[in-house]
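Contents: one structure, followed by commentary.
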Amino acid sequence: MSSIMSVSDKVLVVGGGRMGSAIIEGWLQQGTPPDSIYLIDNNLDTLKAYEQKGLHTFESVDHVPLDLEFRVFLLALKPQIIMQHISQFNRLISHSTCLVSVAAGVMVQTLLSMLPNAKHVVRVMPNTPAMIGKGVMVGFSESRSEFSGLIEGLFSSLGKFYWVSKEEEMHAVTAISGSGPAYLFYFAQCFIESAQSLGLDADFAKALALDTLTGASHLIEESGIDVETLRQNVTSPNGTTQAGLEALMRNEELKERVTACCVAARQRSEELA
Numbered sequence: 008m009s010s011i012m013s014v015s016d017k018v019l020v021v022g023g024g025r026m027g028s029a030i031i032e033g034w035l036q037q038g039t040p041p042d043s044i045y046l047i048d049n050n051l052d053t054l055k056a057y058e059q060k061g062l063h064t065f066e067s068v069d070h071v072p073l074d075l076e077f078r079v080f081l082l083a084l085k086p087q088i089i090m091q092h093i094s095q096f097n098r099l100i101s102h103s104t105c106l107v108s109v110a111a112g113v114m115v116q117t118l119l120s121m122l123p124n125a126k127h128v129v130r131v132m133p134n135t136p137a138m139i140g141k142g143v144m145v146g147f148s149e150s151r152s153e154f155s156g157l158i159e160g161l162f163s164s165l166g167k168f169y170w171v172s173k174e175e176e177m178h179a180v181t182a183i184s185g186s187g188p189a190y191l192f193y194f195a196q197c198f199i200e201s202a203q204s205l206g207l208d209a210d211f212a213k214a215l216a217l218d219t220l221t222g223a224s225h226l227i228e229e230s231g232i233d234v235e236t237l238r239q240n241v242t243s244p245n246g247t248t249q250a251g252l253e254a255l256m257r258n259e260e261l262k263e264r265v266t267a268c269c270v271a272a273r274q275r276s277e278e279l280a
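When you read off a place in the sequence shown, starting at 1, and then add 7, the result is the number in our numbering.
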């Protein structure tokens with residue numbers, strides 16, 4: 008998981024939903040010993056699945072023995088659920104525990120005020136590609152402590168990790184990298200459906216569209232060429248690509264919709280705060 012953590016260090020994950028599971032799966036794929044991860048979740052099927060993978064699992068906070076000390080306490084619950092149950096978590100946090108929240112909109116000061124035992128709090132906004140080691144994680148802490156390196160180590164194993172210096176930037180981060188995969192999945196869905204509408208077999212349409220998106224993404228990452236130049240390199244004058252782009256870019260409607268999408272997500276993050 009991280010060379011900064013010792014073999015005796017324990018991580019407690021509260022919430023085995025989509026994001027919690029994505030993070031756990033990413034750690035397991037990177038070789039984290041499963042018996043160093045403890046999971047609290049009220050879904051018995053989820054608990055059973057992770058028990059079979061070697062994790063320690065608990066149905067509720069009350070079932071966690073008080074003699075266990077956790078190096079990292081990861082809150083992977085929806086903001087509304089955190090607010091409903093936050094008082095229960097204090098008993099499992101010590102002054103040597105780093106509390107990490109991946110909940111959109113829940114501010115550091117809110118967590119500090121509601122969890123008296125918490126002395127080190129970090130907000131992290133991950134995204135679901137973390138489960139395959141391709142995630143983007145962005146962190147914020149009011150004071151960089153001895154836990155900074157630990158957090159970087161934990162989350163860099165799941166993809167790329169960045170820090171922001173102002174907590175309000177986390178709203179924009181949430182809108183771009185946190186929610187961004189869903190936007191791209193929707194574009195992929197539209198691309199596949201468009202391929203089918205042109206008469207291609209469903210399976211072939213899916214493979215062709217997704218392989219094209221994957222290849223283009225790798226080219227962006229590995230070529231070092233800016234995306235506008237890459238687009239221009241494909242666009243021959245009066246060719247098929249130009250015809251398609253003119254339809255896609257007409258009146259800049261797509262750009263406006265993308266901007267509106269990101270603004271709406273940022274505003275929702277601000278509302279949750």
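No residue lacks a Cβ here, since even glycine has one placed at the ideal position from N, Cα and C.
Less than 7 Å between C-beta atoms, sequence neighbours within five positions excluded: which residues of the same chain meet that for residue i?
i    : result
D16  : S43 and R78
A110 : L82, L84, K85, P86 and I89
C268 : Y190
I100 : F80, L106, L122, N124 and A125
T242 : T248, Q249 and L252
A195 : A216, L217 and L220
G166 : P136, A137, G140, K141, G142, V143 and M144
Can you name, in chain order, every residue of its own chain whose Cβ lies under 6 Å from the Cβ of residue i, other than the five neighbours on each side?
i    : result
H127 : C105, S152 and F154
S186 : A272
N245 : none
A216 : F198, I199 and A202
N134 : G142, V143, S184, G185 and P188
F168 : M144, E159 and F162
W170 : G146
G112 : P86, S276, L279 and A280
Do residue j and residue i count as a contact pair if the criterion is CB distance below 8 Å?
i    : j    : result
G33  : A189 : no
S230 : L237 : yes
G146 : R130 : yes
L114 : E159 : Per the sequence shown, the amino acid found at residue 114 is Met instead of Leu. Not in contact: M114 and E159 (Cβ atoms no closer than 8 Å).
L119 : S108 : no
P41  : K60  : yes
G140 : Q37  : yes
E66  : N49  : yes
T53  : M132 : no
So the alpha helix (DSSP H) residue i belongs to, where does it begin and stop?
i    : result
L165 : First-last for L165: undefined, no H or E at that position.
S276 : E260 to L279
V6   : In the structure as shown, the chain begins at 8 and stops at 280. Residue 6 is therefore absent and cannot be evaluated.
Using the Cα positions of residue i and residue j, report the straight-line distance between them to the nearest angstrom.
i    : j    : result
M26  : A125 : 22 Å
T39  : E259 : 46 Å
D74  : L279 : 34 Å
N284 : M177 : This structure gives no information on residue 284, because the portion of the chain shown stretches from 8 to 280.
S172 : R275 : 21 Å
S28  : G206 : 38 Å
T64  : L35  : 15 Å
A223 : T266 : 22 Å
V71  : Q95  : 11 Å
S255 : V68  : With the sequence shown as reference, residue 255 is identified as Leu, and Ser is not the correct amino acid for it. Distance between the alpha carbons of L255 and V68 is about 51 Å.
L261 : E228 : 23 Å
D233 : F192 : 22 Å
S148 : L226 : 34 Å
S204 : E263 : 25 Å
Q91  : V18  : 22 Å
E235 : F211 : 29 Å
E277 : S103 : 30 Å
A179 : S150 : 21 Å
S9   : R257 : Low local confidence applies: a pLDDT of 49 at S9 is under 50, so the model's placement there is unreliable, and no value is given.
D208 : I93  : 51 Å
Within the same chain, show all residues whose beta-carbon is closer than 8 Å to that of residue i, passing over the 5 residues directly before and after it, in chain order.
i    : result
I31  : V20, G23, I44, L46, Y57 and L62
L51  : E66
K213 : I199 and A202
Need the endpoints of the beta strand (DSSP E) that residue i sits in, please.
i    : result
L19  : V18 to V21
L255 : Premise fails: L255 lies in the alpha helix (DSSP H), T247 to L255, not in any beta strand (DSSP E).
S108 : C105 to S108
Quiz item: Considering only residues of the region 35-87, which uninterrupted alpha helix (DSSP H) runs meet the minimum length of 4 residues and lie entirely inside it, listed in chain order?
Solution: 51-59
Quiz item: Quick one: complete alpha helix (DSSP H) runs, 4+ long, within the region 114-146?
Solution: 115-121
Self-check item: Minimum length 3: unbroken beta strand (DSSP E) runs contained in the region 180-232
Solution: none
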